[in-house]
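In terms of numbering that gives the first Met the number 0, the sequence shown is numbered consecutively and its last residue is 77. Just so it is clear, CB atoms sit at the ideal spot from N, CA and C, and this is done for glycine as well.
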Amino acid sequence: MSLSMFKDEHQVKATNLLNQFDRNTMQAALSVAEGDFSKAATHYFNNAHICNELQYMKNEKETMDQIVREMKVHGMTP
């Protein structure tokens, strides 16, 4: 996989996760308004998983960025 493909896939996945996070937040708010706190908790719990996945992706991107910097320092083309 090329570096640009990795970045593109990362961006698409992050956007999808953020959209899902927004949907979960709206569903949780509706559930609270309806008095269904169990359902709201499930949506917030799902958002916690999304936050973990986004943090993992951030760490993965930082690692890739570091590898690219090291390659450039040694005159290699990523």
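From which residue to which residue does the alpha helix (DSSP H) around residue i run?
{"i": "residue 62", "result": "36-72"}
{"i": "residue 33", "result": "Counting along the chain, residue 33 falls outside any alpha helix (DSSP H), and DSSP gives it neither H nor E."}
Leaving aside the five residues before and after residue i along the sequence, list all residues of the same chain whose C-beta is less than 7 Å from its C-beta, in chain order.
{"i": "residue 4", "result": "none"}
{"i": "residue 9", "result": "56, 60"}
{"i": "residue 19", "result": "49"}
{"i": "residue 66", "result": "none"}
With DSSP as the reference, label residue i as helix, strand or coil.
{"i": "residue 75", "result": "coil"}
{"i": "residue 1", "result": "coil"}
Going by the beta-carbon positions, is the gap between residue i and residue j smaller than 7 Å?
{"i": "residue 23", "j": "residue 48", "result": "no"}
{"i": "residue 39", "j": "residue 31", "result": "yes"}
{"i": "residue 61", "j": "residue 16", "result": "no"}
Spatial neighbours of residue i within its chain, please: C-beta separation below 8 Å, excluding the five flanking residues on both sides.
{"i": "residue 33", "result": "none"}
{"i": "residue 1", "result": "none"}
Apart from the five residues on each side of it in sequence, which residues of its chain come closer than 6 Å, Cβ to Cβ, to residue i?
{"i": "residue 70", "result": "77"}
{"i": "residue 26", "result": "42"}
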